[in-house]
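Counting along the sequence shown from 1, when you hit position 68 you're at 66 in our numbering, and nothing is skipped either side.
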Amino acid sequence: MTYKTSQIFIFICILICTSCYKTKKEDYSDLNILLELNPQKGLDSVKSIINNYNGNDEYHKMKLSLLKYKGEDKCYVLHSSDSIIKDLYDYFDKEGTVGDKMEVNYYMGSTYRDMHNYPLAISYYNEAVNIGENNIISHTDSMLLANIYSQLSWMNGKANNPSISLDQMKHALQIRQQLKTDDAASYQDVANVYYTLGNMDSAYNYYSISAIKMANSHSIKDNIDYIGDHLQFYTRINNHKLAKISLDQILTIDKDSIPPYILAKVAIYYSELENNTDSCIYYIELAWKNEHDNETKAVYARMLSESYAEKGDMNKAYEYANIHYIYEDSAKVQDLAEETSYAQNQFKAQELDIIRNSLKEKLAKRNKYIAYGIAIVSNTLAILCFMLYIQSKKKKGYKADIQKLESDNVRITEEHNKLTEIVNADKMLRAECTKDISTVMDSINAIEYDPKETLTEDQWESVFLAVDKLHPQFRKHVLSYFPAIKNKELIIIYLVKLGLKQADIARIFNYSRTVAHRNFHRIEEILGTRISDVIDSYKD
């Protein structure tokens, strides 16, 4: 039976299941299989069953709700609230099977992972592991146990515990090997952790096994992410032969169908292994054209500006430098609006301090102090109103407390005004930077070009001073101490300088979190110190 035929057969089984509405606890395996093979089709089937079910079996209804939650998770729907999963947890903790309890703990952990509450996420993941390791579980639950170990590995990698991360990822692989479900991703995950540890030989071995697994697959397009990781790894270790094999596999796909982040890896290959600036520019421009995210387009525009400057085409270099700032500003405004909206929607009394501190950290790193000031003023006014309400109820004077609140309000308002001045000054500085770039472009255009004429060091200096005016001399500062730094490493250092976290940079490049961490580790090996130390050593 072919893969496609098996999917059709399973789907027919689901339709039969839908019409019968079975309520026994062991009758959900077909739905679980479909959710594994085709998450979207499985989710649609579960929703159809829920919409057509009119019975009163409480377990059946709660089980369908849990399967719907599972389908949404497999379709990469991010969880922004724990209200639904808490109700499911309370029910299955009392009425569920071993598999139910293990699964509901896993999705509690996944929910808090999406909400960035990692301590709670790890706690529920560990509870799911305890249930799985201390009970006899099914094949499906064993697959879930492997996924839990993978999630714990990722979190320990994020927490800079690579040795623990490696043990957990290898344990996940061992479970999948026993179940005979080990695939290219299973070995590639282990390879990524070895890469983070700097064990290139072991990383190479696991990447090789992953490549063999992919070779047995029917579709290069389905494995494009993994092949892209292989291209990046082999480029990093200067293995021309294997990097070229990965490149040739990628280029068998229509270029317009290749994801932009994979095109960027192709461009880096041509830059680092082939020294082919024209091909590098071609693929970065194609990635820039196909990318829709403003932050990522800003990064690609920056890469193009650097590449054209390296080629000597300063007109294009200035053009993309301006585009970089335009998209960068647009992306920051959009991110701020989304984060503010998210904070307002999730605001609860018991989470006030956590959300406010989280929002304060993000806004401070993006120089967006206005929203933070408003939040503090609003909180202070709320406290003031509450105190006034208590005063009217109890008919007691709190003159000293009210005066203190008013004083705090004035102080916070002054801080808010100062933050507003800082933001306005930042806008003026950007405007001046754009004007200076135009002036430099005019002066360069006025030169009469001939084959012997080149730009002087002073002209280069004026260009970089104009482009980097927001952080004067920062590029020169880095390159003077670390001449081995290349364009792509310098871009990441710039992003850290601008206040972005490692997770933000992963989303910009559309990397996995493991790949982003690996890039940071590689840059810090070149620097001989942490990126933050390099940034702290430079003062505007």
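Cβ coordinates follow ideal geometry from the N, Cα and C atoms, glycine included.
Quick caveat: nothing in here was measured; it's all calculated off a predicted structure.
According to DSSP, is Val96 helix, strand or coil? Numbered from its first residue, the sequence shown carries residue 96 at position 98. The answer is helix: DSSP assigns Val96 an H, G or I state.
Residues in the same chain with beta-carbon distance under 7 Å from Arg565, minus the five sequence neighbours each way, listed in chain order, please. Residue coverage of the chain in this structure runs from -1 to 538, which leaves residue 565 outside it and unanswerable.
Where does Asn541 sit, in a helix, a strand or coil, going by DSSP? With the chain covering -1 to 538 only, the question about residue 541 has no answer from this structure.
Cβ of Phe90 within 9 Å of Cβ of Leu118? By 1-based counting over the sequence shown, the position of residue 90 is 92. By 1-based counting over the sequence shown, the position of residue 118 is 120. For Phe90 and Leu118, no; Cβs fall outside 9 Å.
For Lys178, name the three-state secondary structure that DSSP assigns. Reading the sequence shown from its first residue, position 180 is the one you call residue 178. Of the three classes helix, strand and coil, the one that applies to Lys178 here is coil, per DSSP.
Below 9 Å between beta carbons: does that hold for Lys314 and Tyr306? Counting from one through the sequence shown, the residue named residue 314 turns up at place 316. Counting from one through the sequence shown, the residue named residue 306 turns up at place 308. It is a contact, given that the beta carbons lie within the stated cut-off.
Return the residue from the list Met141, Phe231, Ile120 that minimises the CA-CA distance to Asp199. Against the sequence shown, residue 199 aligns to sequence position 201. Of the listed residues, the one whose Cα sits closest to Asp199 is Phe231.
Ranges of the alpha helix (DSSP H) found wholly within the region 129 to 193, counting only runs of at least 4: 137 to 156, 160 to 177
Give me the Cβ distance between Ile260 and Gly226, rounded to the nearest whole Å; I'm assuming they're in contact under 8 Å. What you label residue 260 is simply residue 262 of the sequence shown in a count that begins at 1. What you label residue 226 is simply residue 228 of the sequence shown in a count that begins at 1. Their Cβ separation, rounded to whole angstroms, is 4 Å, which keeps Ile260 and Gly226 in contact under 8 Å.
Ile521 and Ile533 closer than 9 Å at C-beta: As a first step, residue 521 is located in the sequence shown; it is residue number 523 there, counting from the start. As a first step, residue 533 is located in the sequence shown; it is residue number 535 there, counting from the start. No; because the gap between Cβ atoms is not below 9 Å, this pair is not in contact.
Can you list the alpha helix (DSSP H) stretches of 4 or more residues lying completely in the region 239 to 324, in chain order? 258 to 270, 275 to 288, 292 to 309
Considering Gly548, what are the terminal residues of the alpha helix (DSSP H) in which it resides? A query on residue 548 cannot be resolved here, the shown segment of the chain reaching from -1 to 538 and no further.
Contact check, Thr138 vs Ser27 under 8 Å by CB: the rounded distance? By one-based count along the sequence shown, residue 138 stands at place 140. By one-based count along the sequence shown, residue 27 stands at place 29. Between Ser27 and Thr138 the Cβ distance is about 7 Å, and since that is below 8 Å, they are a contact.
Does Ile442 come out as helix, strand or coil in the three-state DSSP assignment? Here residue 442 is taken as the residue at index 444 of the sequence shown, counted from 1. Confidence in Ile442 is poor, its pLDDT being 44 and thus under 50, which makes the residue's placement unreliable; the coordinate value appears in the next sentence. Residue state, collapsed to three classes: helix.
Chain B beta carbons: is any one of them nearer than 9 Å to that of Glu523? Structure shown: chain B not included; a single protein chain is present.
Checking 9 Å against the spacing of the C-beta atoms, do Ala144 and Thr179 come in under that value? Residue 144 sits at position 146 when you count from the first residue of the sequence shown. Residue 179 sits at position 181 when you count from the first residue of the sequence shown. Contact: yes.
Three-state secondary structure assigned by DSSP to Arg542: Residue 542 is absent from the model: the chain starts at -1 and stops at 538.
Where Met544 and Leu33 are concerned, what is the direct C-alpha to C-alpha distance, given to the nearest angstrom? In the structure as shown, the chain starts at -1 and stops at 538, and residue 544 therefore has no counterpart that could be examined.
Please say whether Val96 and Ile539 have beta carbons closer to each other than 9 Å? No answer is possible for residue 539: it lies beyond the span of the chain, which begins at -1 and ends at 538.
With a 10 Å radius around its C-beta and 16 neighbouring C-beta atoms as the bar for buried, classify Tyr67 as buried or exposed. What you label residue 67 is simply residue 69 of the sequence shown in a count that begins at 1. Label assigned to Tyr67: buried.
Touching or not, the region 267 to 279 and the region 287 to 295, by the rule of three or more beta carbon pairs under 8 Å? no
Report the option in Leu379, Lys416, Lys99 whose CA atom is closest to the CA atom of Gln401. Against the sequence shown, residue 401 aligns to sequence position 403. Residue Leu379 is the option with its Cα nearest to Gln401.
Residues in the same chain with beta-carbon distance under 8 Å from Asp276, minus the five sequence neighbours each way, listed in chain order, please. The residue given as residue 276 occupies position 278 in the sequence shown. Result list for Asp276: Lys309, in chain order.
Closest to Ser510 by C-alpha separation, out of Lys156, Gln247, Lys295, would be which residue? Sequence index remark: in the sequence shown, residue 510 carries index 512 (1-based). Checking every option, the nearest Cα to that of Ser510 belongs to Lys156.
Rounded C-alpha distance that separates Asn30 from Ile251: The sequence position of residue 30 within the sequence shown is 32, counting from 1. The sequence position of residue 251 within the sequence shown is 253, counting from 1. Each residue's Cα considered, the two are about 32 Å apart.
So for Arg383, helix, strand or coil by DSSP? As a working note, residue 383 is residue 385 in the sequence shown. Here residue 383 turns out to be Cys, not Arg, going by the sequence shown. Cys383: helix per DSSP, three-state reduction.
Exposure label - Arg409; buried when at least 16 CB within 10 Å: Indexing the sequence shown from 1 puts residue 409 at position 411. Arg409 should be labelled exposed.
In this structure, does DSSP put Asn36 in helix, strand or coil? Start at 1 with the first residue of the sequence shown, and residue 36 comes out as number 38. Residue state, collapsed to three classes: coil.
First and last residue of the uninterrupted alpha helix (DSSP H) at Asn214: Here the question's residue 214 lines up with position 216 in the sequence shown. Segment: none, Asn214 is in no alpha helix (DSSP H) and carries neither H nor E.
With DSSP run on the structure shown, which of helix, strand or coil describes Pro481? Taking the sequence shown and counting its residues from 1, one reaches residue 481 at position 483. In this structure, Pro481 counts as coil in the three-state DSSP scheme.
Nearest-angstrom Cα distance between Ile218 and Val375? What you label residue 218 is simply residue 220 of the sequence shown in a count that begins at 1. What you label residue 375 is simply residue 377 of the sequence shown in a count that begins at 1. The alpha-carbon atoms of Ile218 and Val375 are separated by roughly 55 Å.
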